[in-house]
Amino acid sequence: MTQKEREVLEKIAQVMENLPSESLLAKCWTEEQKEEWQKVRNTQLYIAECWRYNFIYNQVYPLPEALNKPEVSKHKYDLIVLSVELYKAQWELIQVAEKYVKRVHAQPTKLVPNKVKNQLYKFFPDSIFLKPYPFNSDYDLFVATLKEEIEGAFEICLEKHYSINFKRIKNGVKQLIDIIDNANKKGGIYPKLHPKEQQELKKNMGWHRISFSWWGMILFICQFAAIRDSSIRQKLTVVNKSLIKAFELSAKASYKLKSFTSIDGKKVPFDKFGGVPVKNDK
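Adding 37 to a residue's 1-based position in the sequence shown gives its number in the numbering used here.
In structure tokens, the structure reads:
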């Protein structure tokens, strides 16, 4: 590993451990929201630490007991390790895919195959292509995907009213695992979903909240770039395998989690029948 590569990996670790941003903490107006922010930030600190162990120190991330961190359960440790594995696969894919993203952003109608042009404009707003390309390097693009994921997930809890239905999420995760598993049998290329399947996946995963995602665009562009570029196919397959492992672990953990609705920053649990929030008069 060169000194420059080591410096880039360290910069990535520093980004990880500073998410979500302090500016999002300033937007919290309840103690529950502040506690959630701190919980996510603490997890990111562990992820950054694991990243350094694995890719800068070339060591296995020690079990929590060795690090004297009893608050980290075995399940959380596994989730941290898998998250880092996925981020590494994501980073390596972006290093070979960023040039395609930049080209498509500049000339979407020329570089995207005719059969998928309608899908491009269906999933990604025209305004994205009218603005200057915002990244100077593959590193900048990768950092943008990290911020989208971590801060985007946290920003949901800043909404005045939202619901988290873990039953739907479990169903969505199962659907995603099947999709990605099928993709790996075809060189990383995802199968085409029927409109009904698309709507079901969006509903289960809560993707109606997402207006745009650079990571989504990267994966979309890689679908046709992988046809001719073997390095894209290889990296995309690694990403897909890491995604499956992460989804399987998340699905296992979600069985113990209870669905809820948040109203004005306060969580209200669902009842066990129809998913209707239980009123709490206390």
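The beta carbon of each residue, even a glycine, is placed where N, CA and C say it ideally should be.
Check: Fully enclosed by the region 65-151, which alpha helix (DSSP H) runs are 4 residues long or longer?; Outcome: 68-92, 111-143 and 145-148
Check: With contact counted as at least three CB pairs below 8 angstroms, one residue from each stretch, are the region 168-180 and the region 137-151 in contact?; Outcome: yes
Check: Taking 9 angstroms as the cut-off, decide whether the C-beta atoms of V110 and P101 are in contact.; Outcome: Rather than Val, the amino acid found at residue 110 in this sequence is Ser. Taking 9 angstroms as the Cβ cut-off, S110 and P101 qualify as a contacting pair.
Check: What does the Cβ neighbour count give for S279, buried or exposed, with the cut at 16 atoms within 10 Å?; Outcome: buried
Check: Quick check on this structure: which residue in D115, D175 and E196 has the alpha carbon closest to the alpha carbon of K139?; Outcome: D175
Check: Please list the segments of the beta strand (DSSP E) lying wholly inside the region 183-207, counting only runs of 3 or more residues, in order along the chain.; Outcome: 198-201
Check: Just reading off the alpha helix (DSSP H) that I300 is part of, what are its end residues?; Outcome: Segment F297 to I300 is the beta strand (DSSP E) holding I300; no alpha helix (DSSP H) there.
Check: Distance, Cα to Cα, R265 vs E186?; Outcome: 29 angstroms
Check: Could you tell me how far apart the beta carbons of I269 and D218 are, in whole angstroms, since I believe they sit closer than 8 angstroms?; Outcome: 19 angstroms between Cβ atoms; not a contact.
Check: Kindly confirm or deny that the region 188-201 and the region 284-303 touch, where touching means at least three C-beta pairs closer than 8 angstroms.; Outcome: yes
Check: L116 to V149, Cα distance in whole Å?; Outcome: 36 angstroms
Check: Look at F191 and L61 and say whether their C-beta atoms are less than 9 angstroms apart.; Outcome: yes
Check: What three-state label does DSSP hand K168 in the structure shown?; Outcome: coil
Check: Under the three-state reduction of DSSP, which class applies to K222: helix, strand or coil?; Outcome: coil
Check: Can you tell me whether W251 is buried or exposed, with buried defined as 16 or more other CB within 10 angstroms of its CB?; Outcome: buried
Check: For K197, which residues from the same chain have a beta carbon less than 7 angstroms from its beta carbon, with the 5 sequence-adjacent residues on both sides left out?; Outcome: D301
Check: Hey, would you say E129 sits closer than 9 angstroms to K272, going by beta carbons?; Outcome: yes
Check: For V305, count neighbouring Cβ atoms within 10 angstroms of its own Cβ and tell me buried if that reaches 16, exposed if not.; Outcome: exposed
Check: Pop quiz: I214 and F284 are said to be a contact at Cβ under 8 angstroms. What is the actual Cβ separation, rounded to whole angstroms?; Outcome: 5 angstroms
Check: So is F257 in contact with chain C if we call contact Cβ pairs under 9 angstroms?; Outcome: The question asks about chain C, but that chain is absent: this structure has only one protein chain.
Check: Could you check where the beta strand (DSSP E) with P306 kicks off and where it finishes?; Outcome: K303 to P306
Check: So what's D266 in DSSP terms, helix, strand or just coil?; Outcome: coil
Check: For S174, name the three-state secondary structure that DSSP assigns.; Outcome: coil
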